[in-house]
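Here the structure comes first, spelled out in C-alpha cells, and everything after it is commentary.
Below you can see the structure in the form of C-alpha cells.
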C-alpha cells in the first residue's frame, strides 16, 4: 500500500505543495475582472447557489474582489506554512477553496478539471493534523511515528519497528490524507478511462474522433499554443503510434486502482501516465500540471524522503549548535 511509512513530515510536504498551488492559483487569476461582467451571467454552483443573490451583487465589485484576493492569498499562505490554530485555518481554507472554485465554475458553467484534484486534497489536508511538522509555528518538538517506534530502552530486545497503539494511531492520521488523495486520483482516472471506452468504444481509437479532437484542440485558443499536431496529423505512422499510445493509456487509466496496492504496477503506471500528461500538452494544449505534482507526491515516497531529509537536516543543525557552545 502507498505511504506505509509516512509520518508528519511527509504530510507536511503535501500540505506545503497543495496550498502553495492554491496561493499560485489565486495570484495568477485576475479576480478583479469579474467586476466588469454582468452579474446576471454568474450561475453559482453547488452549495454556493444557496447564497442570496445580494451576496454576489456585493462581491463582484472592485473593492470586495480585491479584498477577497488578498484574503484568500493570506489564508492559503498560512495553511501552507502550517499556522496555528490549524483547525481554524483549515476551516477557513476549505471555505476559501470552495468559494474560489465556485467563482471559476460559475461563469459560463466552466468546470476546471485541473483544479479538482487539489481541491479534494486541500480539504483532506485541512481536516488532518497536517501542521505537526515542517512549520515555523510548531509549538514543540514531537517525534514522528517512525522515531517513536524505533526507540528502544537500553538492553531492550524489541524490534526497532515495534510501535504501540498510540504510535500506530498517530501514523494512521498522517497517512490518511496522502492515501485518500491517491485513492481519489486513482478512482478518477479509472472512471474517466472507463467512461471513454464505454461511450466511444473501439471507434475512439480506430475512427476519426481522435484526429478530429487533436485538430480542434490545436486550433482553439490556448495559453500554450502548441502546433505539433498539425505535423502529426499529416503522418500516417505518427497517428498510428498516437492511437496505440492512447489505447494503452486508456487501459492503464482503467487499472489505476491497482497502483494503490502494487509497487511494481505503480511504477509502470507512472511511466505511462506522466508522459501522457506531457503528451496532451504538446498535442492538445491540455496540461494538468496540478495533477502531475499530486501524482509525484501521492504515488511515490517522495514526501517521506523529503521529510526525512528535512528531519536529518534539523538534527544535524542541532548537533552543530551544541558543538559550537563553549
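Numbering (our numbering), first residue to last: 97 to 422.
Where a beta carbon is used, it is the ideal one built from N, C-alpha and C, also for glycine.
What you are looking at is a predicted structure, and each value in this text was computed from that prediction instead of being measured.
Is the beta carbon of residue 214 sitting closer than 8 Å to the one on residue 119?
-> On the chain shown, residue 214 is found 118 positions in, with the first residue counted as 1. On the chain shown, residue 119 is found 23 positions in, with the first residue counted as 1. In terms of Cβ geometry, residue 214 and residue 119 do not form a close pair [threshold 8 Å].
With distances taken between CB atoms, is the gap from residue 318 to residue 381 smaller than 8 Å?
-> Position 222 of the chain shown, counting from 1, holds the residue named residue 318. Position 285 of the chain shown, counting from 1, holds the residue named residue 381. Pairing residue 318 with residue 381 gives a Cβ-Cβ distance under 8 Å.
When you compare only the Cα positions, how much space is there between residue 117 and residue 210?
-> Residue mapping note: residue 117 aligns to position 21 of the chain shown, counting from 1. Residue mapping note: residue 210 aligns to position 114 of the chain shown, counting from 1. The C-alpha of residue 210 is placed about 11 Å away from the C-alpha of residue 117.
Taking Cβ to Cβ, would you say residue 286 is nearer than 8 Å to residue 349?
-> As a working mapping, residue 286 is identified with position 190 in the chain shown. As a working mapping, residue 349 is identified with position 253 in the chain shown. Yes, they are a contact pair.
Looking only at DSSP bridge pairs, what is residue 203 linked to?
-> Here residue 203 refers to the residue found at position 107 of the chain shown. Residue 203 pairs with 138.
Confirm, please, whether the CB-CB distance from residue 224 to residue 191 is below 8 Å.
-> Numbered from 1 along the chain shown, position 95 holds the residue referred to as residue 191. Numbered from 1 along the chain shown, position 128 holds the residue referred to as residue 224. For residue 191 and residue 224, no; Cβs fall outside 8 Å.
Residue from 311, 107, 161 whose Cα sits closest to the Cα of residue 218 | Here residue 218 is taken as the residue at index 122 of the chain shown, counted from 1. That would be 107, whose Cα lies nearest to the Cα of residue 218.
Close-in-space but distant-in-sequence residues of the same chain around residue 239 (CB under 7 Å, 5 per side omitted) = Taking the chain shown and counting its residues from 1, the one referred to as residue 239 is at position 143. Only weak support is given to the placement of residue 239: the predicted model assigns it a pLDDT of 47, under 50, and the value that follows is read from those uncertain coordinates. Contacts found: none.
Under the three-state DSSP convention, the category residue 304 falls into | On the chain shown, position 208 is the one that residue 304 refers to. In this structure, residue 304 counts as coil in the three-state DSSP scheme.
Residue closest to residue 407, alpha-carbon to alpha-carbon, out of 231, 140, 373 = One-based indexing of the chain shown puts residue 407 at position 311. Of 231, 140, 373, the smallest CA-CA separation from residue 407 is found for 231.
Taking C-alpha atoms, which residue in 338, 101, 161, 343 lies nearest to residue 290?
-> As a working note, residue 290 is residue 194 in the chain shown. Considering only 338, 101, 161, 343, the residue with the shortest C-alpha distance to residue 290 is 343.
Could you name each continuous alpha helix (DSSP H) segment of 4 residues or more that falls completely within the stretch 329-393, going from the start of the chain to the end?
-> Counting whole runs of 4 or more residues, the stretch 329-393 contains the alpha helix (DSSP H) stretches 332-350, 359-380.
Closer than 8 Å by C-beta to residue 110: which residues in its own chain qualify, once you throw out the five before and the five after it? Chain order, please.
-> The residue you call residue 110 lines up with position 14 of the chain shown. Non-local C-beta neighbours of residue 110 in its own chain, meaning closer than 8 Å and more than five positions away in sequence, comprise 217, 221, 226, 273, 274, 277, 393, 394, 399, ordered along the chain.
For residue 167, is the beta carbon positioned less than 7 Å from some heavy atom of the ligand MN?
-> Ligands are entirely absent from the displayed structure, and the ligand MN is therefore not among its contents.
Helix or strand or just coil, what does DSSP make of residue 159?
-> Numbered from 1 along the chain shown, position 63 holds the residue referred to as residue 159. Helix at residue 159.
Thinking C-alpha only, which one of 162, 362, 228, 358 is nearest residue 271?
-> In the chain shown, the residue the question calls residue 271 occupies position 175. Nearest of 162, 362, 228, 358 to residue 271, Cα basis: 228.
On a CA-only basis, which of 157, 301, 297, 143 is nearest residue 194? Give me that one, please.
-> Sequence index remark: in the chain shown, residue 194 carries index 98 (1-based). Answer by Cα proximity: 143.
Given a cut-off of 8 Å, decide if residue 320 and residue 497 are closer than it, judged by their beta-carbon atoms.
-> The first residue shown for the chain is 97 and the last is 422, placing residue 497 beyond what the model contains.
Three-state secondary structure (DSSP) of residue 209 | Within the chain shown, residue 209 is the residue found at index 113, counting from 1. DSSP places residue 209 in helix when its eight states are reduced to three.
Report the residue from 172, 200, 198 whose alpha carbon sits nearest the alpha carbon of residue 424.
-> The requested residue 424 does not occur in the structure, where the chain is confined to residues 97 to 422.
DSSP three-state call for residue 99: helix, strand or coil?
-> Here residue 99 is taken as the residue at index 3 of the chain shown, counted from 1. Residue 99 falls in the coil class under three-state DSSP.
Assigned exposure category for residue 105 - 16 Cβ within 10 Å defines buried | Walking along the chain shown from the start, residue 105 turns up at place 9. The residue in question, residue 105, is buried, as its Cβ has 16 or more Cβ neighbours within 10 Å.
As assigned by DSSP and simplified to three states, the class of residue 318 = Residue numbering aside, residue 318 sits at position 222 when the chain shown is read from its first letter. In this structure, residue 318 counts as coil in the three-state DSSP scheme.
Nearest-angstrom Cα separation, counted from residue 405 out to residue 138 = On the chain shown, residue 138 is found 42 positions in, with the first residue counted as 1. On the chain shown, residue 405 is found 309 positions in, with the first residue counted as 1. It is roughly 47 Å from the alpha-carbon of residue 138 to the alpha-carbon of residue 405.
Residues in its own chain within less than 8 Å of residue 97 by CB, not counting five upstream and five downstream?
-> Within the chain shown, numbered from 1, the residue matching residue 97 stands at position 1. Sequence-distant Cβ neighbours of residue 97 in its own chain, meaning closer than 8 Å and more than five residues away, are 275, 356, 357.
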